[in-house]
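A short write-up of the structure that comes next.
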Amino acid sequence: MTAQFLEYVTPWLVDNPDDISITEAEGEGDTTVLEISVHPDDMGKIIGKQGRIIRSLRTLARAAGQRDGHSVMVEVVD
Numbered sequence: 000m001t002a003q004f005l006e007y008v009t010p011w012l013v014d015n016p017d018d019i020s021i022t023e024a025e026g027e028g029d030t031t032v033l034e035i036s037v038h039p040d041d042m043g044k045i046i047g048k049q050g051r052i053i054r055s056l057r058t059l060a061r062a063a064g065q066r067d068g069h070s071v072m073v074e075v076v077d
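Quick note on numbering: numbering that gives the first Met the number 0 labels position 17 of the sequence shown as 16, and the sequence is numbered without any gaps.
Here is the structure:
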């Protein structure tokens, strides 16, 4: 559910939506790690000024994960 949320939201934030890749990995315990990979030109847009955009995405993803009963971490990778 959380990965689907990110797949829906992130294309609206970047100029190159075809270059978005969201992968799901297992972290420590029952934590799910979602890794967002975007075009290098869109890196600043997904992070936002002072990290506001990525912080908001992390908060929303964490809330969606808690609703489903598991913890979620969101990371931006190169």
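Beta carbons: idealized from backbone N, C-alpha and C, even for Gly.
Distance from the CA atom of THR30 to the CA atom of HIS38, rounded to whole angstroms, is 26 Å.
The region 11–25 makes no contact with the region 57–68; the number of CB pairs closer than 8 Å stays below 3.
When beta bridges are read from the DSSP output, GLU6 appears opposite no residue.
The beta-bridge partner set that DSSP reports for LEU33 consists of GLU23, VAL73. Around the Cβ of GLY68, a 10 Å sphere holds fewer than 16 other Cβ atoms; the residue is exposed.
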